[in-house]
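**Student:**
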């Protein structure tokens with residue numbers, strides 16, 4: 205626990221609380237310097253079973269309860285110097301803890317007798333939060349599209365020295381009570397949340413879609429004090445430092461959040477609470493989303509910040525798979541489907557190259573020709589050259605009509621930007637594991653696939669903000685593996701705990717090009733003018749941050765160095 209400089213700040217103090225699986229020097233110490241420089245008491249707690257903390261590591265399952273115990277201790281201990289005001293903070297793994305504070309303790313199915321009263325202190329005292337690069341959707345984060353994120357989850361647990369947890373996770377591949385503390389029982393997970401929070405995400409971040417879904421859910425389903433009161437930053441990479449498409453190095457998103465927005469919101473929320481007045485974030489901040497628009501490179505359209513009251517209105521536009529490996533905006537009219545079959549061998553998977561990665565590298569937008577050229581188990585569907593530059597912002601999805609010789613298999617989808625020089629740059633990718641095709645809250649496997657049946661499935665490829673420039677092409681690549689980003693499916697229908705028992709090669713088919721089987725990609729197209737009208741003037745942002753930098757220096761704190769050091773730690777394979 206750290207106190208602010210008493211010659212500058214005087215009690216009573218508000219408090220910032222953070223829990224971390226990392227050592228004091230990794231994250232807790234830098235954060236304590238930041239928050240005490242703002243005049244707050246900082247409480248940093250090592251997660252259960254890690255570093256110097258006792259007990260057994262729980263994969264965040266005890267995080268909410270542990271935080272509650274800490275808050276109850278703080279409530280008593282702070283009476284001599286505190287003002288009863290508390291905020292939570294965290295980046296990455298620490299952020300997951302703070303999301304779990306809210307979702308994990310409100311579940312009648314998890315806590316005995318459904319007694320919420322013991323947990324009301326969490327909501328009575330937590331006024332706001334600074335939550336960066338985390339997820340409140342535990343199972344969707346670990347099993348994306350039903351497929352285990354092997355490179356991320358196993359890699360991180362092994363680095364943490366907690367590899368024994370991998371087996372436990374595999375034992376709970378289905379949705380069950382084990383996941384409740386990590387995201388609630390879903391239906392009522394935000395029922396008691398009633399405050400503003402600052403959220404920071406990244407388009408190529410490992411938590412990108414779950415975090416954006418989380419913020420949207422809070423804005424629409426939480427208590428009135430939280431609805432429409434969430435702030436969301438989305439930078440290009442999050443945990444991913446850079447891909448093969450360079451974005452502007454001096455992004456300033458972290459600097460803007462840490463130097464300007466977080467201090468402002470914390471101060472005003474605490475002030476409103478102490479005065480007994482309702483807080484409205486729009487009295488102080490003229491946006492709800494502050495997001496980066498990606499594009500194919502610095503010399504073409506894209507690569508700028510936008511601030512707005514919401515993400516732009518979009519029109520879902522379908523591009524259909526067509527014979528000859530084509531991608532067409534025209535809906536098929538044929539009554540006869542084209543069927544393309546390929547062999548998927550789980551012992552020869554398509555290697556991961558880019559995407560929303562951390563432990564495995566590289567990450568971000570990478571040239572897929574490196575791993576997809578000359579493979580017979582990857583299908584490509586390419587558009588004609590784009591004649592008019594267009595932008596997309598939102599969830600990309602791929603709707604497939606599929607069949608397989610195996611009882612279970614995977615289907616992967618990648619949205620790719622084909623450059624005029626032939627490079628195939630990844631925009632976003634994802635997967636669906638057919639035994640979990642009925643959704644992330646399935647309590648049991650879907651029925652085995654029958655070789656004579658065609659199945660219609662949708663892959664949520666991911667959220668993205670991207671501009672396709674004229675002269676480029678849209679590509680959708682379909683396959684059945686992306687390893688080790690996702691574990692290889694052994695096509696047996698058996699869950700992870702059985703390993704490669706009964707492994708088999710699958711003959712997988714994509715059905716398309718007809719009225720009956722109109723496989724397609726759906727792109728959320730937005731107005732370029734809408735983005736341009738809300739474009740952030742970078743020079744103005746630089747000027748504002750220069751002013752804030754001087755104010756921080758007067759407090760004896762180098763805010764730019766802090767932001768730079770925090771980004772380095774995040775990129776240095778710290779979850």
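Numbering (my numbering), first residue to last: 205 to 779.
Glycine residues also receive a C-beta, built at the ideal position from the N, C-alpha and C atoms.
1. Taking its Cβ as the centre, do 16 or more other Cβ atoms sit within 10 Å of residue 747, making it buried, or is it exposed?
2. For the beta strand (DSSP E) holding residue 511, just list the boundary residues, first then last.
3. Taking the straight line between their C-alpha atoms, what separation do you get for residue 520 and residue 432?
4. Looking at C-alpha atoms only, which residue of 739, 534, 234 and 227 is the closest neighbour of residue 253?
5. Leaving out five residues before and five after residue 257 in sequence, what residues of the same chain have Cβ atoms less than 7 Å from its Cβ?
6. Tell me whether residue 521 sits in a helix, a strand or coil according to DSSP, three-state version.
7. Alpha carbon to alpha carbon, how far is residue 463 from residue 303? Give it in angstroms, no decimals.
8. Bridge partners for residue 727 per DSSP, in chain order?
9. If we ignore side chains and look at the alpha-carbon of each, how far apart do residue 568 and residue 341 end up?
10. Mind checking which residues open and close the alpha helix (DSSP H) that includes residue 236?
11. Assuming contact is defined by CB atoms lying nearer than 7 Å, are residue 544 and residue 718 in contact in what I supplied?
12. Where residue 242 and residue 743 are concerned, what is the direct C-alpha to C-alpha distance, given to the nearest angstrom?
13. Would you mind reading off the limits of the alpha helix (DSSP H) that contains residue 486?
14. Helix, strand or coil for residue 679, going by three-state DSSP, please let me know.
15. Roughly how many angstroms separate the alpha carbons of residue 548 and residue 557, rounded to a whole number?
16. Considering only the alpha carbon of each residue, which of 493, 494, 638 and 294 lies closest to residue 225?
17. In chain order, which alpha helix (DSSP H) runs of at least 4 residues are fully inside the region 325-375?
18. How should residue 551 be labelled, buried or exposed, when 16 other C-beta atoms within 10 angstroms of its C-beta is the threshold for buried?
19. Enumerate in chain order the residues of its own chain whose CB-to-CB distance from residue 661 is below 6 Å, with the five nearest sequence positions on each side excluded.
20. Would you mind reading off the limits of the beta strand (DSSP E) that contains residue 618?
21. I think residue 339 touches residue 415, with their Cβ atoms under 8 Å apart; what is that distance to the nearest whole Å?
22. Taking 7 Å as the CB-CB limit, is residue 670 close to chain D?
23. Taking Cβ positions, are residue 337 and residue 420 nearer each other than 7 Å?
24. Would residue 659 pass as a contact of residue 730 if the rule is Cβ separation under 7 Å?
25. Please determine, among 219, 277, 767 and 740, the residue with the shortest C-alpha to C-alpha distance to residue 512.
26. Could you say which of 593, 466, 615 and 413 lies nearest to residue 732 if we only look at CA atoms?
27. Quick check on residue 544: does DSSP put it in helix, strand or coil?
28. When the Cα of residue 220 is compared with those of 441, 467 and 437, which residue comes out closest?
29. Can you give the beta carbon distance from residue 788 to residue 554, rounded, assuming they're within the 8 Å contact cut?
30. Indicate whether residue 735 and residue 493 have their beta-carbon atoms separated by less than 7 Å.
31. Report the three-state DSSP secondary structure of residue 535 (helix, strand or coil).
32. What residues in its chain sit with their C-beta under 6 Å from that of residue 168, if we drop five residues either side in the sequence?
33. So residue 770 is in the beta strand (DSSP E); what residue range does that whole segment cover?
34. Going by the beta-carbon positions, is the gap between residue 590 and residue 676 smaller than 7 Å?
35. Going by other Cβ atoms of all chains shown within 10 Å of its Cβ, with 16 needed for buried, is residue 205 buried or exposed?
36. Here's the rule: buried if 16 or more other CB atoms are within 10 angstroms of the residue's CB, otherwise exposed. What is residue 312?
**Tutor:** Taking the geometry as given:
1. exposed
2. 508-512
3. 24 Å
4. 227
5. 250 and 251
6. strand
7. 23 Å
8. 521
9. 22 Å
10. 233-241
11. no
12. 26 Å
13. No alpha helix (DSSP H) holds residue 486; DSSP gives it neither H nor E.
14. strand
15. 18 Å
16. 294
17. 342-346, 359-364 and 368-375
18. exposed
19. 604, 636 and 641
20. 614-622
21. 6 Å
22. Looking at the structure shown, chain D is missing, and only one protein chain is on hand.
23. no
24. no
25. 740
26. 593
27. strand
28. 467
29. For the chain, the structure presents residues 205 to 779; residue 788 sits outside this window and is missing.
30. no
31. coil
32. An answer regarding residue 168 cannot be provided, because it is not within the stretch 205 to 779 covered by the chain.
33. Per DSSP, residue 770 belongs to no beta strand (DSSP E); it is in the alpha helix (DSSP H), 763-775.
34. yes
35. exposed
36. Because residue 312 carries a pLDDT of 41, less than 50, the predicted location of this residue cannot be relied on, and no value is offered for it.
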